[in-house]
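222 is the number that the numbering used here gives the last residue of the sequence shown; the numbers go up by one with no jumps.
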Amino acid sequence: MDTVRYLPTINSAADIDALPNRLKTEEPLLVGEYGSLNPLAFATAIRNVNSGKKFYELILRNKNRELVESSICTAAAVGFDGVVIASGAFNKSDTMGKPVYDLDQAQALLLAISLRRTGKIPSGFALGVRSAGGNGAVRERNSFYLREGADFILITGSANTGAAAPTDSADKIGTISEL
């Protein structure tokens, strides 16, 4: 896996319209859920942007199990090539409630694998996990994800992918480069 370009937010249709100027024709694209508009609503427009693979970033924060399952199935149904499971930002302001996590990344990955195994999503629908860069515990966690069935791991920016990768799986580790 190589570098995947990342659009963290969609706040208007203009954000999609601007993509051809910011993205090479064949580059893979990861579309995040941080904006005010859900990328699933723009799936057709996103698919028409370029010829590279399109991934939906599923942020687990404040989603229950049913919404996670629905989001994965919907992403597959509307034409995304795969999903990248992310925990989401942990920060909160004083006026916010505590973020809720019904499933962690490992549990969400196992749910997605079960959806693929039972045919609720296509067998070719890619399952990825967003991970931190680093050594030790990160490498062990990434090994677990890959051993359990993740197709790839994406880490942010210029982090050392070798440090985050199990020795035999470096080709399944990619980086995220924000647009």
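Glycine is no exception: its CB is placed at the ideal position from the N, C-alpha and C atoms.
Remember, it's a predicted structure, so these values are computed and weren't measured experimentally.
For residue i, which three-state DSSP category applies?
| i | result |
| --- | --- |
| residue 98 | strand |
| residue 48 | strand |
| residue 121 | coil |
| residue 68 | coil |
| residue 84 | helix |
| residue 114 | helix |
| residue 168 | coil |
| residue 104 | coil |
| residue 213 | helix |
| residue 73 | strand |
| residue 193 | coil |
| residue 55 | coil |
| residue 23 | Because residue 23 is not part of the residues shown, which for the chain are 44 to 222, the question remains open. |
When burial is assigned at 16 or more other CB atoms within 10 Å of the CB, is residue i buried or exposed?
| i | result |
| --- | --- |
| residue 69 | exposed |
| residue 212 | buried |
| residue 114 | buried |
| residue 185 | buried |
| residue 76 | buried |
| residue 162 | exposed |
| residue 86 | buried |
| residue 190 | exposed |
| residue 122 | exposed |
| residue 100 | buried |
| residue 108 | exposed |
| residue 193 | buried |
| residue 159 | buried |
| residue 58 | buried |
| residue 175 | exposed |
| residue 56 | exposed |
| residue 84 | exposed |
Report the rounded CA-to-CA distance for residue i versus residue j, giving the unit in angstroms.
| i | j | result |
| --- | --- | --- |
| residue 119 | residue 180 | 31 Å |
| residue 45 | residue 126 | 16 Å |
| residue 173 | residue 72 | 14 Å |
| residue 148 | residue 61 | 31 Å |
| residue 111 | residue 64 | 32 Å |
| residue 79 | residue 52 | 7 Å |
Please report the Cβ distance between residue i and residue j, rounded to the nearest whole angstrom; I am assuming they are in contact, meaning their Cβ atoms lie under 8 Å.
| i | j | result |
| --- | --- | --- |
| residue 164 | residue 197 | In fact, because the Cβ distance is near 19 Å, the residues do not count as touching under 8 Å. |
Stretch-stretch touch, CB-based, cutoff 8 Å, three pairs: the region 59-69 with the region 163-172: No, because fewer than three Cβ pairs between the region 59-69 and the region 163-172 fall closer than 8 Å, the two stretches do not touch.
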